[in-house]
């Protein structure tokens, strides 16, 4: 049959972003993904079990980092030998390694190139991934949740009258920003901010990176309320230290007020379901009093450890932790390894805040014979709270000490004694009660001493 006739009867038929006519009879089962966003989105669609390999930059969710690694700069024979029924790429890879792609196609392997050039194309991109993997229903659910999450954020900032202005640094070289139609620029708008570089021009046609320079930044010094730098492998802005030490940058309002933040490119520039988290982080940077409100936790219900993590991250205004290095899982980590809690999967609604609170060193965790555990739904004791408060704040010993009748029952007597002497904890009948479970309100009240 002719190509057109075959397309008419194919169960799955579309044109990919390199212009290939894709016509297949059934979803694919043995997939190699050579772009990290594809990998991440396949896991979100429930198709992670169809992946037999991925590019080395695929590190989210954590299990993706343990797939067999394939590289479009390497030998195509390695991919061919794995016998995939689909290799997912993006147009950048076709331009970068045309001979590699040609070798795969000559071997009869289905190659599909996808990349949404704009935020408006995200749905179509996800739906094509879903068609290729037979996960259309899951795609509808995930897209609905994705836009629901974004609407929740925009609803929180919509009524704020004093809108904040933000400068987004995309590369430290030549101090570039992003184009007005880029994903970071759209995220600024969705988060309720004003992009001071909204008139920036792309460095080349089709690029989301835009020229700007230090002179133009300094000309806007008094208008920049928040300064955000994107960090990652593809395009890296400066870190906090380099930004604040640049000549003349101390005159920028955001820098003078300590409003300099870093954001991982994976949640702000990459076309994945995590993009809403980037929008939320920008909103948190601009409107801390709204986005990090503790109102929902000011009640006398017993606190769980997941409540504890939420309160800590909000109270300390901690940016969510995401590893920057693609080699993160190849390295040894003395403490907890990101994403490896057996009882807090990456799909958990509190995943980011739990990981951030733990990796900041504020909340302890346990290592069992079968892995790492956070125990998110267990209660928080007074001594656990005391330990966190002591780490977060600066407390000095007093010349006179309260007598604590049950001090010997505490694991860390110095911390308990110091915090009682500083008025953070009140004794009951002379006892500290280290194992007593605390309420959310008690955690919020104790954190007031950290400010």
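In the numbering used here, the protein residues as written are 62 to 512. The beta-carbon is built from N, C-alpha and C at its ideal position, and this holds for glycine as well. Predicted model only: the values in this text are computed from it and were never measured.
Item: Neighbour flag for residue 281 against chain D, beta carbons, 8 Å; Value: Of the chains in the structure shown, none is chain D; there is only one protein chain.
Item: Inter-stretch contact at 8 Å, needing at least 3 Cβ pairs: the region 299 to 309 / the region 220 to 238; Value: yes
Item: Supposed contact pair residue 435 and residue 366 - C-beta distance, whole angstroms, cut 8 Å; Value: 7 Å
Item: Supposed close pair residue 249, residue 229 - CB separation, criterion 8 Å; Value: 7 Å
Item: Endpoints, beta strand (DSSP E) assigned at residue 94; Value: 92 to 94
Item: N- and C-terminal bounds of the beta strand (DSSP E) containing residue 349; Value: Unbroken run through residue 349 is the alpha helix (DSSP H), 349 to 352; no beta strand (DSSP E).
Item: C-alpha gap between residue 102 and residue 383, whole angstroms; Value: 17 Å
Item: Spatially closest choice to residue 411 from 325, 167, 381, 180, by CA coordinates; Value: 381
Item: Best match in 146, 79, 141 for proximity to residue 87 [C-alpha to C-alpha]; Value: 146
Item: Given 8 Å, three or more beta-carbon pairs between the region 419 to 435 and the region 129 to 141; Value: no
Item: Those residues which DSSP pairs with residue 174 across a bridge; Value: 150
Item: C-alpha distance - residue 221 paired with residue 352, whole-angstrom precision; Value: 11 Å
Item: Three-state secondary structure (DSSP) of residue 46; Value: The question about residue 46 has no answer, for the chain in this structure spans 62 to 512.
Item: Inter-residue spacing [alpha-carbon to alpha-carbon] between residue 495 and residue 472; Value: 9 Å
Item: Contact set for residue 282: own chain, Cβ-Cβ below 7 Å, skip 5 residues either direction; Value: 312, 313, 314
Item: Residue 488 beta carbon near the ligand NAD (any heavy atom closer than 7 Å); Value: Among the components modelled here there is no ligand, and therefore nothing to report on the ligand NAD.
Item: Candidates 245, 334, 347: closest to residue 291 by CA position; Value: 245
Item: Straight-line Cα distance separating residue 118 from residue 443; Value: 42 Å
Item: As assigned by DSSP and simplified to three states, the class of residue 323; Value: strand
Item: Cβ-based burial, residue 448 [other Cβ within 10 Å; buried from 16]; Value: buried
Item: Close beta carbons around residue 362, own chain, < 8 Å, minus the five adjacent residues each side; Value: 500, 501
Item: Span separating the alpha-carbon of residue 123 from that of residue 459; Value: 46 Å
Item: Euclidean distance between Cα positions of residue 106 and residue 406; Value: 15 Å
Item: Pick from 267, 114, 346 that is closest to residue 226, judged by C-alpha positions; Value: 346
Item: Minimum C-alpha distance to residue 242 - residue among 330, 293, 179, 252; Value: 179
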